[in-house]
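Residue numbers (the working numbering), protein chains in the order written: chain E, 219 to 404; chain W, 25 to 372.
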């Protein structure tokens, strides 16, 4: 049962990824990326990581990709021109991709403590304990420092983006009546 | 229980719940037309059937029979798939909502819920966040400036208010210690109204934030800017006609019902009686099940009534007011609520 679902959604995932590369219209590519992300969420679910799966759907498919499509719609980006592509990229690129994939696969397989993945219903064997309990415990005890540092890092990135955007606004704000009024109101 | 039995039961439950939900959608439309009519000192629909009760059926037939116009300039694949995404996501999230006690007959799985999963609340949030694409793609693929403006407004509004919505639920989840909707309800059920999250749980700030964010999430007045008729003709569904328009319409009302169900489950004690054990549970299975369903439907109905009341009363926000309110008031308030709730839980 698990295996059938796995193959269906792995197929969706690959098809979405290939479609993402082949489509010439940005909005089709963005939608293919959503398909990839949702199928990945199903694969996480099959590995017994239900929280990761739903976080993938909410954060990536639901928030980040909405902003992607938002930008595509705002810019009204049209169809891209199809180029013939350079031959060097084809000759070097394909073997390079194969080599990198092989390298990654061997490293992951040889790594200590990582066995083959099991398709299962849950990660814990303890009755009544969910994936979420375990995740919360690990995140707020063992990995507290890296977790907090990462969140501060993201916060700094947001502040940086806001600082850059507001700096640009001040430059043009005086010339445009509308923006000047708005900044005055704030 | 074999896999075949499980599938048969699931199909049966899905069919029943979908039919009931669609009927509820149809009659919510009638409720809204009647109530808004009374608020505006007129009758609302009265001609078809007694008190206009058959109006939704006639409306449905009208939508089916109208000419389906697809403008030439649209981007066809997305134009066609957008209403399906909107309605599909709206109907999907009801799957994790429990309507009553976990009653089962003759070895069946629990009857009053399609899927009892331990991250039920997050599934509802996830499905809602996918539903944005229906509206966004509808506006973009219509190739019409009013539609595009409507869908841009809608996407920005949904992404902004989803934050406040999610954060307002954290307090409830912390109190219950679980994301399972059944566990959340059972945690509030001990002494009826006194232990509801809204009163006993001191989550009224969270309830207020949830209410505001829910109005914005479902594009309802006073936050119905994506379809503001006075500025955008019809907003994101300007170019849709016939059944495709009806699908957006149904999606909006189905979302209202889902939001009402979630509010009921998280803040108002779900299917449990507000009087707790003052009315003792009887031995009759059917009586108990009917009783719990009655309370659930009553609470959701009150929520829908409030929705319509607000629509009939409040004027529409301006767009900058909407964004300011979401980011500068609701978000900080929600975070303050989380801090206060966690301090209280730690103190206790």
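Glycine included, each C-beta is placed from N, C-alpha and C at the ideal position.
Reference residue i; option with closest CA among the options
{"i": "residue 251 (chain W)", "options": "W:30, W:178, W:366, W:347", "result": "W:178"}
{"i": "residue 96 (chain W)", "options": "W:168, W:284, W:145", "result": "W:168"}
{"i": "residue 339 (chain W)", "options": "W:46, W:118, W:245, W:278", "result": "W:245"}
{"i": "residue 274 (chain E)", "options": "E:253, E:292, E:312", "result": "E:253"}
{"i": "residue 245 (chain E)", "options": "W:154, W:101, W:65, W:56", "result": "W:101"}
{"i": "residue 288 (chain E)", "options": "W:120, W:210, W:183", "result": "W:183"}
{"i": "residue 260 (chain W)", "options": "W:158, W:266, W:231", "result": "W:158"}
{"i": "residue 223 (chain E)", "options": "E:236, E:251, E:258", "result": "E:258"}
{"i": "residue 1 (chain W)", "options": "W:334, W:346, W:345", "result": "With chain W covering 25 to 372 only, the question about residue 1 (chain W) has no answer from this structure."}
{"i": "residue 44 (chain W)", "options": "W:31, W:26, W:115", "result": "W:115"}
{"i": "residue 79 (chain W)", "options": "W:56, W:92, W:64, W:90", "result": "W:56"}
{"i": "residue 354 (chain W)", "options": "W:181, W:249, W:211", "result": "W:181"}
{"i": "residue 348 (chain W)", "options": "W:185, W:26, W:39, W:69", "result": "W:185"}
{"i": "residue 276 (chain W)", "options": "W:243, W:51, W:84, W:105", "result": "W:243"}
{"i": "residue 309 (chain W)", "options": "W:213, W:284, W:135", "result": "W:135"}
{"i": "residue 233 (chain E)", "options": "E:366, E:220, E:250", "result": "E:250"}
Closer than 8 Å to chain W by CB, residue i
{"i": "residue 269 (chain E)", "result": "yes"}
{"i": "residue 397 (chain E)", "result": "In this predicted model, residue 397 (chain E) has a pLDDT of only 42, less than 50, meaning its place in the structure is not dependable; the value taken from the coordinates is given anyway. Judged by the 8 Å Cβ criterion, residue 397 (chain E) is not in contact with chain W."}
{"i": "residue 225 (chain E)", "result": "no"}
{"i": "residue 401 (chain E)", "result": "With a pLDDT of 42 at residue 401 (chain E), under the threshold of 50, the modelled position of that residue is not reliable, and the figure given next carries that caveat. No, no contact with chain W."}
{"i": "residue 384 (chain E)", "result": "no"}
{"i": "residue 229 (chain E)", "result": "no"}
{"i": "residue 266 (chain E)", "result": "no"}
{"i": "residue 358 (chain E)", "result": "no"}
{"i": "residue 222 (chain E)", "result": "no"}
{"i": "residue 255 (chain E)", "result": "no"}
{"i": "residue 365 (chain E)", "result": "no"}
{"i": "residue 286 (chain E)", "result": "no"}
{"i": "residue 281 (chain E)", "result": "yes"}
{"i": "residue 291 (chain E)", "result": "yes"}
{"i": "residue 275 (chain E)", "result": "yes"}
{"i": "residue 355 (chain E)", "result": "no"}
Pairwise C-alpha distance: residue j and residue i
{"i": "residue 140 (chain W)", "j": "residue 73 (chain W)", "result": "39 Å"}
{"i": "residue 350 (chain W)", "j": "residue 279 (chain E)", "result": "22 Å"}
{"i": "residue 48 (chain W)", "j": "residue 111 (chain W)", "result": "15 Å"}
{"i": "residue 372 (chain E)", "j": "residue 363 (chain E)", "result": "14 Å"}
{"i": "residue 32 (chain W)", "j": "residue 294 (chain W)", "result": "27 Å"}
{"i": "residue 359 (chain W)", "j": "residue 352 (chain W)", "result": "11 Å"}
{"i": "residue 137 (chain W)", "j": "residue 219 (chain W)", "result": "23 Å"}
{"i": "residue 46 (chain W)", "j": "residue 270 (chain W)", "result": "12 Å"}
{"i": "residue 370 (chain W)", "j": "residue 200 (chain W)", "result": "14 Å"}
{"i": "residue 173 (chain W)", "j": "residue 359 (chain E)", "result": "47 Å"}
{"i": "residue 377 (chain E)", "j": "residue 26 (chain W)", "result": "55 Å"}
{"i": "residue 368 (chain W)", "j": "residue 224 (chain W)", "result": "13 Å"}
{"i": "residue 196 (chain E)", "j": "residue 314 (chain E)", "result": "No answer is possible for residue 196 (chain E): the residues shown for chain E start at 219 and end at 404."}
{"i": "residue 243 (chain E)", "j": "residue 354 (chain E)", "result": "41 Å"}
Expected contact under 8 Å - CB spacing of residue i and residue j to nearest Å
{"i": "residue 233 (chain W)", "j": "residue 162 (chain W)", "result": "Not really, about 28 Å apart at Cβ, beyond 8 Å."}
{"i": "residue 262 (chain W)", "j": "residue 175 (chain W)", "result": "With 8 Å as the limit, residue 262 (chain W) and residue 175 (chain W) do not qualify as a contact, their Cβ atoms being about 10 Å apart."}
{"i": "residue 280 (chain W)", "j": "residue 331 (chain W)", "result": "6 Å"}
Minimum Cβ-Cβ distance from residue i to chain E less than 8 Å
{"i": "residue 179 (chain W)", "result": "yes"}
{"i": "residue 34 (chain W)", "result": "no"}
{"i": "residue 289 (chain W)", "result": "no"}
{"i": "residue 168 (chain W)", "result": "no"}
{"i": "residue 164 (chain W)", "result": "yes"}
{"i": "residue 153 (chain W)", "result": "yes"}
{"i": "residue 188 (chain W)", "result": "no"}
{"i": "residue 160 (chain W)", "result": "yes"}
{"i": "residue 156 (chain W)", "result": "yes"}
{"i": "residue 147 (chain W)", "result": "yes"}
{"i": "residue 359 (chain W)", "result": "no"}
{"i": "residue 143 (chain W)", "result": "yes"}
{"i": "residue 183 (chain W)", "result": "yes"}
{"i": "residue 78 (chain W)", "result": "no"}
Residue i beta carbon near the ligand ZN (any heavy atom closer than 7 Å)
{"i": "residue 132 (chain W)", "result": "Because no ligand of any kind appears in the structure shown, any question about the ligand ZN cannot be addressed here."}
Proximity below 8 Å, CB of residue i to CB of residue j
{"i": "residue 152 (chain W)", "j": "residue 128 (chain W)", "result": "no"}
{"i": "residue 277 (chain E)", "j": "residue 227 (chain E)", "result": "no"}
{"i": "residue 222 (chain W)", "j": "residue 292 (chain W)", "result": "yes"}
{"i": "residue 142 (chain W)", "j": "residue 229 (chain W)", "result": "no"}
{"i": "residue 99 (chain W)", "j": "residue 165 (chain W)", "result": "yes"}
{"i": "residue 216 (chain W)", "j": "residue 297 (chain W)", "result": "yes"}
{"i": "residue 195 (chain W)", "j": "residue 227 (chain W)", "result": "yes"}
{"i": "residue 203 (chain W)", "j": "residue 350 (chain E)", "result": "yes"}
{"i": "residue 92 (chain W)", "j": "residue 266 (chain W)", "result": "yes"}
{"i": "residue 124 (chain W)", "j": "residue 205 (chain W)", "result": "no"}
{"i": "residue 198 (chain W)", "j": "residue 365 (chain W)", "result": "yes"}
{"i": "residue 156 (chain W)", "j": "residue 284 (chain E)", "result": "yes"}
{"i": "residue 54 (chain W)", "j": "residue 76 (chain W)", "result": "yes"}
{"i": "residue 249 (chain W)", "j": "residue 343 (chain W)", "result": "yes"}
Neighbour flag for residue i against chain A, beta carbons, 8 Å
{"i": "residue 65 (chain W)", "result": "Within the model displayed, chain A is absent; protein chains E and W are what it includes."}
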